[in-house]
Every structure is written in C-alpha cells, then in structure tokens.
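Protein chains in written order, with this note's numbering: chain V, 85 to 378; chain P, 85 to 378; chain E, 64 to 294; chain C, 64 to 294.
What follows is the structure, encoded as structure tokens:
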C-alpha cells in the first residue's frame, strides 16, 4: 500500500495520532504525508515531539499535544511548539517520560490506568490533574496513577516486515510495542519488505505482529532525518539546522513548501536530499547469530 | 563459579526461591544441587512447578508452593506434589498464570501490587485471599490485584552469557526477566560462556544484565530433561517416565538416590545419561542476521 | 471426530489461543482445510507457529522454530489476551457444569481435596478474555455435573461444548442445551451421560462424520502416532 | 573542570543514569581513569554503552552498537529506575533552587509561560529513584533562584551540585551550602552568583584543577571538537 493510501484510510480529522520512536525510527515520511493531506484537529501524542511534530504543529494539523519532553534533542528548542504554547494556541497535556510510558503500557494492556511510584514533590500533578493516585490494597500506601492512552492510530517505522506486517525492530525500541498494541489502527512503515521466511528465522526479533497491523508501507529512508539502526545514521546537520529554520515562521513555511507540500511523496523528497547515501549510509556491524533448531 | 558454590552462597534455608523457565530452560542442575545441599523450609514459587519442583518437594526442601499450574506438561500429574497437597503436608498459594506473571511484574517494577482484569466469576479469590481488588481512579470500576512477589533468589538458565553475567536467551522467554529483576539475588546458569564481544554484537538479545546478577555458572545440558532452544531438545521420554517414577514413593526415592544424591555434580549426572547427544542434540536453524552499524 | 468438529468451528483468519492435544490437532486440521490463515497463539508466547512435528507440550521447541513471533508471558497475557486480541480460546477440564463453568483445580473441597488437579494455568483468563470459548471434553456424568466443585474458568463466554457424542450450546440464560448429535448417537445417549436434566433444542442438528480428507490428514499427517487421536 | 569534578564523584562499578553533554563526558572520563567498570544506562534503553564517537543525543545509534543490552523504555523506567538499580543520576536544569529542586518546565507561570522549556523527560523520576543525584549547572543568580518557578525534579536526593565555580552540598535539612571551591575562586564570587543568601560550610574544600591526564583525555579523546567543553 502507498503511504498516501495508508494515511488517507487510517488517519482522520480529529484523531488521536501517535508517531512513536525514541530518536530512532521516527516516521517523518508519515508526518509529511499527514501534513500534505491537511489533516486538522489532531491530538498528537508522543514522548518527545521532535522535529516532526514541530512541523505538524507549524502546519496547523494539531489541536492538542500530549508529551513529556519537547525539545530538539542535543540541539535546543522546538520553536513552532514554543510559539504555540507561549502564544497559547495549542492545548497541552504534559507528563514525564515514565508517565507517558505508563499511559501506553495501560493502553496496550487495556487497563484504564497504570500505577507508578512517581511525582512526589514535583509540580507535575498540579499542572496536569489527570495524574492521580491509588491506594495499595496490601500496604495502604498511595501511589501515582496515569490514565490509559488508546490512540486512534499509531504509526511505527520498522527496519523490516513481511507482507502481512509482522515487523522486526532492533536498536532502540522506545515504546513502539506498547503504542501499537494500545492503538485502534496501526500503520507500519518499513525500510525493507522481506520474505516471511526472514521473519520466521528469528521470531524473538518480531516486535509487532501482523494481527494488529492495519497497513504495511515500504518507504526506504522514511525515517530521515532520524535514523534506522543498520540502515542509515541520524542526519545531525538537519537537526542542528532546524534551530534556524524553526526560529523564523517564514523560514519554516518555506521549508514546508519546498520539502512537504512541494513534493508528491517520499521519493520526490528523497530526490531533494543530496549526498545522503555517502553521508549517512550505515557501516556493517553484524550480530552474532543464534540457532533456533531443536 | 561452581554451581555448588553459587547455591551454597545464595540459597539459604527458609528462602523464597524461584527457578523459572516455561517448559524451556528449567535449571534442573540448580534444583538438584539444592536437594543435595539439603536446603529446608523453602517457599518454592513458579508458574508451572514441573518435575524439578516435584523432586524438590519429594526431597523435603519445600515448606510452601506458590504456583499456577502443577502438572507434568503433556503427560499427567506431579505425584509428589499431589501426595503432599492431598495429604496436606505442603502449604500452597495458588494463582492463575496471569496472576503469577503479574506478581513477578510487580516485583520487578518494585510496586507493591499489579492490576489485572481477571477472576470475575472464578473461585480463585475464595481459595486465595491475597487476590484482592482496587478501584480505578478514572472510571470507578473494580479491577483485580495480586501482591508483588520478590524472591530471595531466582535461578535462570540461559543459552549464553559473558563472564560478568550479561545473559542472552532466545526461544520461549516465560517470565525470566521479571523474576530476575524482582529478586534479591540472581544466579545465571548458562550453556555457554561467551566473549563479551558476542553479547555486545547483539544487545537486543540480552534479557538479564550483569548489574543484577550475583553468580554466573557454566553448566552445559544443565536444563536437561527440559530443553535449550538451539542446544538440545526436550527429553520427552523422561517426562513420560516420570509418571511411573513419581507415582511410587520408593521409586522416586530411588531416583533421587541414584541421580541426585548419588552424584557429586552435573558432570556425574551427565555420565549417567546415555546417548543424550544423539537423541537430543539440536539441529541447525540459524537466524537471519541484522546489522547494528550506523 | 471431536477434532474434526472443533476444526469446523474455526473461521479463516481468526486468532486462536491454543492448548495442546485435541485443540492443537483441530487448529492444524483447520489450517490445512478451510482456514489456512488461522493465527495460532500459545500461552507459552509462540505466535503463528507452524510446527514441523506434533508438539508434545505448549512449550515444545517446535512451536518456536519458524514461528512469526515469540514474546514473553507478560505480553501474552496483557497485550494479546487482556487486550482482547484473541477471538477463540479452547478449554478443557475435569468437570464442566450446566452453565459451562469449568473445573481444573480440585475434586472435592479445596482445602481437603479428594483429587488435586493441576489448577488454572491460563484457563481463568482465557475464559474471561477470549471472545468465544470452545470447550472440548468427553461426556460422562462425573465430568458433566450439575455444579462443578470449583469454578476455575467461568462459563459466560462459552459458545460450544464439543464432546465425543454431541455438541452442546448455551441458551439465552447460559444453560447448556443439546444442540447437535454425532452420527449414530441419539439424544437419550447424551442425556444419560450428563449429570443434570439436559434439555435439547427444538431442532437438533446432525453433524456430518469426518470427511475422507479430514480423516486422512488427522491420521496420516497430523497425528500418525495417535498421541491424541483415540476415537 | 566541571567534567573532571563530576567524574571524580563516580565510584568504580556504579550504575549511572546518564544524560548527554557534560554528564556523558564525565562518565566516559571516569571510565578511562579511576572507574573502568562504571555501567552507563541511558534513558533511551542502551545499557553498558561504549560509544565509538561522542554521542550527540541520548538516542545516538553509537550508544547501541556494541552495548551490553538494549531494552524498551518500559523496562528502563520500571525495571531499572523504579526498581532502585540506579546508583547515580545526573540532572541539569534551567533553574536550581535553595533546596536542590530543579525546573526544566517553564519560566514564569505554567499556564502563561514566559519561556516554555522542554519539560521533564525522565528528570522527575530520575530525581525520585536514583539513589544519589548529581546536578551539573552553571552558576548565575537567574539559574539559582531562591525558589524555582516549577518543580520538575524534587531535590531530596541531591548529593552534590557541580557548578563552574564551586560545589554545593545539602545540609541536614536539604538546604544547599557552599562546600568546595575551584582554584582561584573565592566564596564571595559564588555567593554573588546565587539568588539566595548562600551559607558556606565551616571548612571549605579546595578542589584540585584537572590533571594533565584528565585534560588530555577530555580535549583530545572525548570531545576533540569541543561540542560540550567550553570552559
């Protein structure tokens, strides 16, 4: 399925949308497609909004942001996000990372809440009344709780999957498994479509099973400028450059015009990225294999 | 470290002891060593007590059993267990599998309890008052809870580890990770000690990190008659044969005399197992590799 | 016959939580006949297994080799079962009662058991979370009492009880009724093998015997050593 | 100097929760000097990383390649942090107050922020669960107010505040005190850079400047491009 069709069928105005991936495997391709399809009133959820949500906020897709750390990792601010929050044009609901992880864990387990030992002494519960507490039925102590997060759609970029959508991920795993299982619909975007036999040769590597996947899309370099372990490195120059682009509304609008609205799809976007292969293509560091025989 | 030393230092009379592994990777070697060292008053915990706990119960090591399914998988009964329960000489605390998994999950997360949607309509909470309930602070609904399980010592058999104890497991994973993280002390018994570089070549495969490991022991075939994926198959003949052995107290005593008390260590036990290699050695089914480069 | 009847209950593409023995045979028969895309999930964590031999336990290594995914048991129970991803669950038990409750825990009093059975395993939560429960059990008055000695798995989601003589189904109030008969079996045979006054549907179905293909697959391919096929 | 002072705070074999920038430099300096068995854990899930380049974010792929273990973030927070396995946690922040509370959320009112900062990330739970918190931050009256505008990370477990001029430590009641001075710095310089009336220990330590080995490792091996070393 093309990413255009996958987004058209699975992402609707007003949806609660998750594009997950902690630094690693962030589906910029899907974010751009959502911007191009001019989705509106989305509730965007993600631990680290990153550049892709900054772009989606700038493009007017977002009504609300649910998050735990909104910065440009290793660089500085997300300026579209900051403008929206400081100008109070974007609703926010804020947790810590553990709180967001716990919300996805509850959603994935289809429990209404998750329990954690957290927030004592912090001002986060004052800022967010959805952080509550529960009394342990054994010890009587009070523990923090967060409510389940069950997105309408979660988009996960994976290194490889078979045609059914059985997806394998290695390197940083973030909360992709929990987000996918918590979600009503799941789009898996992959670097490589592989034969089912490749997946079956290493079943412990499968993070997301086809049984929960709504659409499988092949989009090599679909996570650029984030990275895919074993495929390509993070485009740090772009992350550094975003500071300048995002600081200025006109610059940012120009970026979106050229690299998002101005292209039909990821293939056209890729044509505009010079020397990616020589700059970022991953070196070889193969794993030691294991034997699954009996 | 020898298994004798690892058990002598880490397993004490009266301890709460866990030997985990769902059918796969059950450390019979450690169970036998505990029997040989005549540990007493142990609280043995495990989802599926299996033959090894049947032997430990018969040998008089156990004061109490905490479990969720006590049978000889695919064969029939654990007769030493049945005699002890029907004769009321063994204390039991009984859950379902999900309940036991949840107890380990709570223990691993160092929460006092875990929440699950379970037990409505069953008689299990009547039989076990430690199954309680909690009210969701968001929806008001009642959900079941189980208390955390934090063993004194957990013993895990793994396919490979480095000298520090960074242990990799593939095939069925059971609840080994949760049990190890829940535990005060952890003994890792491995088929193969490998160079740290092997572990570092595939970090996603590491289930138990050295930081939580108290002792690392190398004991090839240490899970026999259970199995180790990629190393050897389950000795189903022994599982079938246990029905006869365990049905009769004298037979069972004779088995322990010959194969547990009558040997010094696993090496001597192995000398008494004829034709294991030709019967059970695993065939080759290598995984497809992955690239960890960047 | 039981395996063939159970196999026919499965629709193609369904996600099935499988136990060992007859349910496993039934699923693999269905996969080779009308439901090639059945997804089998075992309590042990193997998803999408296509075992090259008849597994002797739900933890058999043959269920791992070549499966689509293997996950830990916390994921099996939280992400698959409690999440509601399981469409069909198979259960069996020492006792099945009038309302489809199952006992796999004790015969007699819990604290002073006459016979101590293995216990729940995952059966309590399978009964609660799988969308449709199929029970597979042989008929006898002892195995089908009016009321089980201990409710291990509640009967609310039971849709069919596949026995060696007939199929029972719950009515609107959850009481099991005789619904269909195997070839050569009469309603009286079934009623005599049940420990309560079994009522029958107004119109009883007659089940077809296993086809030649089903028999050949079961006997020659799936269980040539007759580990689970006895009838 | 800050990196060297921070490195000296770490004992061999400790399990350290690391952020990017100076904490990462400090840990890698310690690993190459007195603490070769330091175990570094990153919020991203990499355990025991030995990166072949200076990581530019805590999610840098160089932290994965050749690490001892990579786990999902649910495990990082539940099995490592909440479990109590982390001995040392590094934190920084836009504001640090008299009681070691840290603000990385907003300057001004939460609902009408003057400056919106990134937020907690894992900082709230690191402050609550790591056994010993080391803060690394540059001194200035704005960065060290009497009371932070928003408590992102509570100060209870703070053991040292490593600044560019001095080291502060909490007294019995948790109030930060001047404890040690860098070479060439006087107590008055530090007091002038703090937004409350900073008290000093009766006996102030004098910190040694970085050794030649420390400087050489920092400047030539660990951060040759001076991404994080400025002072």
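Cβ coordinates follow ideal geometry from the N, Cα and C atoms, glycine included.
I need the DSSP call for residue 326(P), collapsed to helix, strand or coil.
helix
What residues from chain V crowd round residue 128(C), counting only those whose CB sits closer than 7 Å?
369
Mark residue 234(C) as exposed unless 16 or more other C-beta atoms lie within 10 angstroms of its C-beta, in which case mark it buried.
exposed
Would you list, in chain order, the members of the segment 130 to 152 of chain C that have their beta-carbon closer than 7 Å to a beta-carbon of chain P?
130, 131, 132, 133, 141, 142, 145, 146, 147 and 148
For the segment 249 to 264 of chain E against the segment 165 to 184 of chain E, are there 3 or more C-beta pairs whose distance is under 8 Å?
no
Among 171(E), 273(E) and 283(E), nearest to residue 169(P) - alpha-carbon criterion
171(E)
Can you tell me whether DSSP reads residue 181(P) as helix, strand or coil?
helix
What are the partner residues of residue 241(V), as DSSP defines its beta bridges?
273(V)
Between which two residues does the alpha helix (DSSP H) harbouring residue 90(E) extend?
85 to 95
Report all residues from its chain with a CB closer than 7 Å to the CB of residue 97(E); omit the five preceding and five following residues, and keep chain order.
75
Measure the CB-CB distance between residue 245(V) and residue 274(V) and report whether it falls below 9 Å.
yes
Touch check for the segment 121 to 131 of chain V and the segment 89 to 101 of chain V: three-plus C-beta pairs under 8 Å?
yes
Separation of residue 270(E) from residue 245(E), as counted between CA atoms
5 Å
Rounded C-alpha distance that separates residue 101(C) from residue 70(C):
11 Å
Could you tell me the alpha carbon to alpha carbon distance between residue 198(P) and residue 291(V), rounded to whole angstroms?
24 Å
Check whether the segment 283 to 300 of chain P touches the segment 292 to 301 of chain V, counting contact only when three or more Cβ pairs, one atom from each stretch, lie closer than 8 Å.
no
Start-to-end residues for the alpha helix (DSSP H) that takes in residue 252(C):
250 to 255
Test: residue 374(V) CB closer than 9 Å to a CB of chain P
yes
Taking only heavy atoms of the ligand NAP into account, decide whether any of them is closer than 8 Å to the Cβ of residue 181(C).
Although the ligand NAP was asked about, the structure shown includes no ligands whatsoever.
Could you spell out the range, first to last residue, of the beta strand (DSSP E) harbouring residue 179(C)?
176 to 179
Contact check, residue 116(P) vs residue 353(P) under 8 Å by CB: the rounded distance?
7 Å
Residue 180(P) classed as buried or exposed, judged by whether at least 16 other C-beta atoms fall within 10 angstroms
buried
Cβ of residue 132(E) within 9 Å of Cβ of residue 111(E)?
yes
For chain V, is any of its Cβ atoms less than 9 Å away from the one on residue 313(P)?
yes
Return no unless some Cβ of chain C is closer than 9 Å to the Cβ of residue 222(V).
no
Taking one C-beta from the segment 263 to 270 of chain V and one from the segment 235 to 250 of chain V each time, how about it: are there three or more such pairs within less than 8 Å?
yes
Can you say whether residue 27(E) is buried or exposed, counting buried as having 16 or more other CB atoms within 10 angstroms of its CB?
Nothing can be reported for residue 27(E): it is not among the residues displayed for chain E, which extend from 64 to 294.
Residue 124(C) at chain P interface by Cβ criterion, 9 Å
yes
Is residue 210(V) close to chain E? Criterion is C-beta to C-beta, closer than 9 Å.
no
Report the residues of the segment 90 to 106 of chain E with a CB closer than 8 Å to any CB of chain V, ordered along the chain.
102
Quick one: which unbroken alpha helix (DSSP H) runs of 4-plus residues sit fully inside the segment 116 to 174 of chain P? Chain order, please.
134 to 142 and 163 to 170
Start and end residues, beta strand (DSSP E) containing residue 231(P)
226 to 231
Let's test the definition: count the other Cβ atoms within 10 Å of the Cβ of residue 84(C) and tell me whether it reaches 16, buried, or not, exposed.
buried
Once you ignore the five residues that flank residue 91(V) on each side, which residues in its own chain have a CB closer than 7 Å to its CB?
114, 117, 118 and 121
Identify whether residue 74(C) lies in helix, strand or coil by the three-state DSSP scheme.
coil
C-alpha distance - residue 103(P) paired with residue 281(P), whole-angstrom precision
28 Å
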